[in-house]
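Report on the structure given below.
In the UniProt record's numbering, the protein residues as written are 1 to 335.
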C-alpha cells in the first residue's frame, strides 16, 4: 500500500513538472509548482439554499491553484469577455445584469445545463488559437492541461469562470447581433441567459437562435428553468424584481429580511449569532438599491447609524436626478 501511494505521489509531481513553458513565463518556481498532494482536486457537493439541489465543486490543491491564479492574472485576464457577459467581470453584477432588462414587457430566461463541465478541451483549444494568437501550440497544450480536470473545466478552479466567458464569446456575439437587429436585449450571467423584447414573437425567434447556438457547442438549455413571461407576469432577472419603478430584491427577500431585523430588535440576545447573516442580507439589498428608504429604516433599526446616513444621502442624490441615477456596484460590503 505504501509503495502504491508513493507511486501516486511521484505521478502527481511529474504532472506538475510538465509545465516548463508556463513555469518560465509565469515566474513560478518548480518548488512552488511541484505537488505532493494525493489528489489534484478535492471534489465535494454544495447544495443550493434555494432549491436544495447539489452541484459538484472541484477545488484544486494549493499548488495547482497557485499556478492557475498566476495564469489568470498574468495572461488570461488581458483578454476581455463579451459586453453581454455579466458574471465574473469586475464592475458587473446581478444588478447591472437586471438593469439591462428593466421594465421590459416580455422576458425569456433559461439556464445552460451543467455549464462548467460542458466546456471541454475541444472548446478551449480553438478559443486559445483565436483569442491568444501570440501563444504557441505547446503553450496552449500546457494551459489546457493546467486548467482542466479530465478534459473539462472544473467548477472551483480560479481560471474556470473567465475561461467559460471567453469560450462563450462567439455565442454571446451571435445572440447580441440577433437581438440588436430585432430591438431586443441579450445578457448572460454565467449559465443564466436573459432576453427581453417588446413582443412574444420576437422572443420565440431568439429562443430558437439560443437553442441552435448551444447545440453547436454541444450544450443544451434546461427546460425546467426556461420561462417566457408576458405583460401580466411578475418578472425577475437573476433573482431581482425588474417590473417596478426601480430594480429591487424580490418581495419575498425583502419581507424575509425585514422579519429578521424585527426579530433582531425584539430578541437581541437570541439573534446575536445571526447578526452577520442579517447584515449580509442588508448589504446585498444595498448593492442592488442603495437609495431604498425601506432599507434605510431596517439598517437604522439594526443600530448601523453611520451607514444609514450614507443611504439617506444616496436617496437624496437620486431624487435630485429624478430617479435616473445609475449606481456603480461592487466594492466592499459596508459591515
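Built from N, CA and C at the ideal position, the CB exists for glycine as well.
N-terminal and C-terminal residue of the alpha helix (DSSP H) that residue i is part of
i: residue 97; result: 94-99
i: residue 103; result: Unbroken run through residue 103: none, as it is neither H nor E.
i: residue 206; result: 200-216
i: residue 294; result: 293-301
i: residue 66; result: 62-74
i: residue 87; result: Taken as a continuous stretch (DSSP letters only), residue 87 belongs to no alpha helix (DSSP H), as it is neither H nor E.
i: residue 23; result: 20-26
i: residue 125; result: 121-131
Rounded straight-line distance, which links the Cα of residue j to that of residue i
i: residue 120; j: residue 151; result: 6 Å
i: residue 201; j: residue 183; result: 12 Å
i: residue 264; j: residue 179; result: 47 Å
i: residue 159; j: residue 153; result: 9 Å
i: residue 277; j: residue 253; result: 13 Å
i: residue 41; j: residue 198; result: 46 Å
i: residue 270; j: residue 260; result: 12 Å
i: residue 301; j: residue 22; result: 53 Å
i: residue 191; j: residue 111; result: 5 Å
i: residue 113; j: residue 296; result: 39 Å
i: residue 78; j: residue 235; result: 36 Å
i: residue 149; j: residue 268; result: 47 Å
i: residue 288; j: residue 138; result: 44 Å
i: residue 175; j: residue 82; result: 11 Å
i: residue 225; j: residue 55; result: 16 Å
i: residue 164; j: residue 293; result: 38 Å
Element boundaries [beta strand (DSSP E), containing residue i]
i: residue 228; result: 227-229
i: residue 149; result: From DSSP, residue 149 is part of no beta strand (DSSP E); its letter is neither H nor E.
Contact under 9 Å by Cβ, residue i with residue j
i: residue 87; j: residue 189; result: yes
i: residue 101; j: residue 228; result: no
i: residue 303; j: residue 103; result: no
i: residue 187; j: residue 84; result: yes
i: residue 26; j: residue 74; result: yes
i: residue 58; j: residue 213; result: no
i: residue 247; j: residue 24; result: no
i: residue 72; j: residue 162; result: yes
Cβ neighbours of residue i in the same chain (closer than 8 Å, five flanking residues each side left out)
i: residue 19; result: 33, 67, 142, 145, 146
Cβ shell of residue i (< 6 Å), same chain only, five flanking positions each side left out
i: residue 37; result: 61
i: residue 92; result: 86
i: residue 281; result: 257
i: residue 108; result: 195, 203, 207, 228
i: residue 337; result: Because residue 337 is not part of the residues shown, which for the chain are 1 to 335, the question remains open.
i: residue 140; result: 128
Cross-strand partners of residue i (DSSP beta bridge)
i: residue 44; result: 57
i: residue 155; result: 157
i: residue 237; result: 240
i: residue 111; result: 192
i: residue 197; result: 106
i: residue 249; result: 240
i: residue 186; result: 195
i: residue 221; result: 112
Cβ neighbours of residue i in the same chain (closer than 7 Å, five flanking residues each side left out)
i: residue 167; result: 119, 123, 124, 127
i: residue 135; result: 128
The ligand ATP heavy atom lying under 8 Å from the CB of residue i
i: residue 280; result: Of ligands this structure carries none, so the ligand ATP is not represented either.
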